[in-house]
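Peer 1: Positions in the sequence shown are counted from 1; adding 234 to them yields this note's numbering. One structure follows; several queries about it will come next.
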Amino acid sequence: MTPLGRSPRPSAPSSPPAPDATLHPAGFVRLGVDSVSRRPFDVALPDGIVQHVTLLGLTGSGKTTTAERLAEGAVASGVGLLVIDAKGAGLRAAARRLAAARGIDHREVVPGAPGTLGYNPCAVGSRAQVADKLVSAFTHGPAGQVYRVIALETISILVGMLRGLGEPVTIRRLRRELDRTRMPGLAHRARDLTPDLADDLAELSRRGGVSADAFEGMRARLGALLHGEYGGIFDSDGPQLDLAAALASPGVTYISLPALAVSQDTALMARVLIQDLKQAAFLRLQQPDPAPAMLVLDEFAALDDPEQINDLLRQAREARLGAVVSTQQLPDPRTAHALRGALLGAGLLIAHRVGHDDAEAVARVIGTERGVQVTRTLSDAGEPVRRSVRAVDRYAVDPNVMKRLATGEAVVLGVAGGRRVATIRVLRPEPAGEP
Numbered sequence: 235m236t237p238l239g240r241s242p243r244p245s246a247p248s249s250p251p252a253p254d255a256t257l258h259p260a261g262f263v264r265l266g267v268d269s270v271s272r273r274p275f276d277v278a279l280p281d282g283i284v285q286h287v288t289l290l291g292l293t294g295s296g297k298t299t300t301a302e303r304l305a306e307g308a309v310a311s312g313v314g315l316l317v318i319d320a321k322g323a324g325l326r327a328a329a330r331r332l333a334a335a336r337g338i339d340h341r342e343v344v345p346g347a348p349g350t351l352g353y354n355p356c357a358v359g360s361r362a363q364v365a366d367k368l369v370s371a372f373t374h375g376p377a378g379q380v381y382r383v384i385a386l387e388t389i390s391i392l393v394g395m396l397r398g399l400g401e402p403v404t405i406r407r408l409r410r411e412l413d414r415t416r417m418p419g420l421a422h423r424a425r426d427l428t429p430d431l432a433d434d435l436a437e438l439s440r441r442g443g444v445s446a447d448a449f450e451g452m453r454a455r456l457g458a459l460l461h462g463e464y465g466g467i468f469d470s471d472g473p474q475l476d477l478a479a480a481l482a483s484p485g486v487t488y489i490s491l492p493a494l495a496v497s498q499d500t501a502l503m504a505r506v507l508i509q510d511l512k513q514a515a516f517l518r519l520q521q522p523d524p525a526p527a528m529l530v531l532d533e534f535a536a537l538d539d540p541e542q543i544n545d546l547l548r549q550a551r552e553a554r555l556g557a558v559v560s561t562q563q564l565p566d567p568r569t570a571h572a573l574r575g576a577l578l579g580a581g582l583l584i585a586h587r588v589g590h591d592d593a594e595a596v597a598r599v600i601g602t603e604r605g606v607q608v609t610r611t612l613s614d615a616g617e618p619v620r621r622s623v624r625a626v627d628r629y630a631v632d633p634n635v636m637k638r639l640a641t642g643e644a645v646v647l648g649v650a651g652g653r654r655v656a657t658i659r660v661l662r663p664e665p666a667g668e669p
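Structure below.
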């Protein structure tokens with residue numbers, strides 16, 4: 235830790251660590267080397283990541299390398315890894331390399347890529363959960379809450395009836411059945427199997443006005459999903475993404491969300507995924523001893539949904555799902571105060587080179603230390619210089635230090651197993667082919 239807010243003392247050049255010193259010890263991530271003591275900085279698994287990890291840094295500061303290093307250590311300890319990459323491809327090669335190096339399963343969801351998994355968000359969850367998952371992917375605004383409630387009711391009924399009939403439930407099928415002219419026929423076919431739901435659907439089909447508008451609005455929204463960048467993934471008949479299974483056993487699952495290329499499509503897909511992840515976390519809570527897992531959200535700010543992400547972080551922590559949230563800057567306190575507080579309250583806070591406001595925020599979280607300030611007063615010729623000394627509180631790590639960190643350097647605050655603060659040089663991921 236940098237004492238009394240001063241920059242770290244420059245150190246003499248040293249030889250690189252011995253090869254075995256860069257390997258991850260069993261049950262730990264060897265994140266880097268302390269710049270002052272030259273000792274390894276290790277993070278225990280899963281305790282060191284279970285209260286989520288905030289990874290902060292400007293472009294080119296070394297953030298992606300740190301995310302890879304964390305993921306590599308988790309995989310080396312047998313922890314299941316799920317990567318959601320909002321840059322679209324930044325961590326794709328790393329995910330493949332990690333799986334190949336350990337000889338474990340590798341799965342990916344990449345729009346347009348050969349061999350990509352399909353994704354049916356209607357396959358898992360109760361009928362109410364499926365309805366919530368789909369409706370929550372879209373914003374309705376205060377004036378549109380009645381449409382939201384009608385859509386929730388209708389989709390929940392449709393899911394229950396289709397399951398009762400033993401028929402597949404997909405986004406395309408739900409869009410098709412959200413048609414007032416088709417509802418009576420479906421109600422008639424399902425009457426013997428789900429009589430109450432059939433009666434409710436028949437009653438809904440007779441409504442006009444607001445209800446009819448809600449049906450059409452939701453049909454259009456589901457159509458936007460089907461005809462967007464991820465339509466082929468939603469319609470795929472091949473192997474499907476199973477988030478609960480991906481988190482339950484060793485393996486690497488990579489999901490590409492190219493926010494810059496197709497921002498609106500990505501936002502919709504991200505909201506559906508986050509709802510599914512929240513449900514997967516809830517299912518883990520029902521298990522007596524769920525296997526630890528790691529979720530990496532790279533460049534999460536591009537997903538632009540702070541409320542859902544905050545809910546996910548809270549549920550992930552309780553479900554032994556260590557979330558790593560990587561971002562270039564902290565959320566605006568005026569629009570995402572709760573999420574900003576959650577990120578600054580992480581169990582492991584890693585700050586690479588950051589801007590002024592974020593440097594100040596991280597320094598405040600790290601806290602202050604007691605020191606002394608010496609003041610010298612120049613006097614007239616012939617008189618001695620007067621000096622005063624007083625006790626002061628200074629930042630333990632000066633914000634200016636964080637604004638000047640070299641690429642690959644980071645200030646780290648860890649709270650699991652005892653509070654520690656250090657300035658470290660992050661180790662690069664192990665070369666391909668090494669165990």
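Cβ coordinates follow ideal geometry from the N, Cα and C atoms, glycine included.
1. I need the DSSP call for D433, collapsed to helix, strand or coil.
2. Rounded to a whole number of angstroms, what is the C-alpha to C-alpha distance between L238 and V606?
3. DSSP on L564, reduced to helix/strand/coil?
4. Just checking my contact of A329 with H340 at CB under 8 Å: how many whole Å lie between their CB atoms?
5. Could you have a look at E401 and say whether DSSP puts it in helix, strand or coil?
6. Would you list the residues sitting across from D268 in a DSSP beta bridge?
7. With H, G and I counted as helix, E and B as strand and the rest as coil, what does DSSP make of T602?
8. Just curious, the alpha helix (DSSP H) that D447 is in, first and last residue?
9. Taking V380 and V444 to be in contact with their CB atoms under 8 Å, please state how far apart those CB atoms are, rounded to whole angstroms.
10. Measuring only the C-alpha atoms, how far is T641 from G589?
11. Can you name the start and end residues of the beta strand (DSSP E) that T487 belongs to?
12. Which same chain residues, not among the five before or five after G345, have their C-beta less than 8 Å away from its C-beta?
13. Straight-line CA distance for A678 to S311?
14. Residues bridged to M528 by DSSP?
15. Are V358 and Q513 close, meaning C-beta to C-beta below 8 Å?
16. Residues in the same chain with beta-carbon distance under 8 Å from S390, minus the five sequence neighbours each way, listed in chain order, please.
17. Which first and last residues belong to the alpha helix (DSSP H) in which H340 is found?
18. What separation, rounded to the nearest whole angstrom, lies between the Cα atoms of A710 and E437?
19. Tell me whether R243 is buried or exposed, calling it buried when 16 or more other Cβ atoms sit within 10 Å of its Cβ.
20. In whole angstroms, what is the alpha-carbon distance linking I584 and H286?
21. Which partner residues of D276 appear in the DSSP bridge assignment?
Peer 2: According to the structure data:
1. Counting from 1 along the sequence shown, the entry for residue 433 is found at position 199. DSSP places D433 in the helix class (H, G or I) of the three-state scheme.
2. As a position in the sequence shown, residue 238 is number 4, starting the count at 1. As a position in the sequence shown, residue 606 is number 372, starting the count at 1. Any reading at L238 must be qualified, since the residue scores a pLDDT of 44, below 50, and its modelled position is unreliable; no value is offered.
3. By 1-based counting over the sequence shown, the position of residue 564 is 330. The three-state reading of DSSP puts L564 in coil, since its state is none of H, G, I, E or B.
4. Here the question's residue 329 lines up with position 95 in the sequence shown. Here the question's residue 340 lines up with position 106 in the sequence shown. For A329 against H340, the beta-carbon gap comes to about 7 Å, under 8 Å, which counts as contact.
5. Position 167 of the sequence shown, counted from the first residue, corresponds to residue 401. E401 falls in the coil class under three-state DSSP.
6. Taking the sequence shown and counting its residues from 1, the one referred to as residue 268 is at position 34. The partner list for D268 (beta bridge, DSSP) reads I658.
7. In the sequence shown, residue 602 corresponds to position 368, counting from 1. Of the three classes helix, strand and coil, the one that applies to T602 here is strand, per DSSP.
8. Within the sequence shown, numbered from 1, the residue matching residue 447 stands at position 213. For D447, the enclosing alpha helix (DSSP H) covers residues 443-460.
9. One-based indexing of the sequence shown puts residue 380 at position 146. One-based indexing of the sequence shown puts residue 444 at position 210. With 8 Å as the limit, V380 and V444 qualify as a contact, their Cβ atoms being about 6 Å apart.
10. Taking the first residue of the sequence shown as 1, we reach residue 641 at position 407. Taking the first residue of the sequence shown as 1, we reach residue 589 at position 355. Going from the Cα of T641 to the Cα of G589 covers about 14 Å.
11. For the purposes of this step, residue 487 is taken as the residue at position 253 of the sequence shown. Secondary structure note for T487: its beta strand (DSSP E) is the uninterrupted segment 486-490.
12. Walking along the sequence shown from the start, residue 345 turns up at place 111. For the record, residue 345 in the displayed sequence is Pro; it is not Gly. E463, Y464, G466, I467, S490, P492, listed in sequence order.
13. Missing from the structure shown is residue 678; the chain here goes from 235 to 669 and no further.
14. Taking the first residue of the sequence shown as position 1, residue 528 is located at position 294. Paired residue(s): L315, G556.
15. The residue labelled residue 358 in the question sits at position 124 within the sequence shown. The residue labelled residue 513 in the question sits at position 279 within the sequence shown. Yes, the Cβ-Cβ distance between V358 and Q513 is below 8 Å.
16. As a working note, residue 390 is residue 156 in the sequence shown. The answer, listed in chain order, is R361, A362, V364, A365.
17. As a position in the sequence shown, residue 340 is number 106, starting the count at 1. It is not in any alpha helix (DSSP H) - H340 instead sits in the beta strand (DSSP E) that spans 340-343.
18. Any property of residue 710 remains undetermined from this structure, which presents the chain solely from 235 to 669.
19. By 1-based counting over the sequence shown, the position of residue 243 is 9. Residue placement at R243 is flagged as unreliable, the pLDDT there being 47, under the threshold of 50; the coordinate-derived value follows with that caveat. Exposed is the call here.
20. Counted from its first residue, the sequence shown places residue 584 at position 350. Counted from its first residue, the sequence shown places residue 286 at position 52. Those two C-alpha atoms are separated by around 11 Å.
21. Counting from 1 along the sequence shown, the entry for residue 276 is found at position 42. Paired residue(s): R264.
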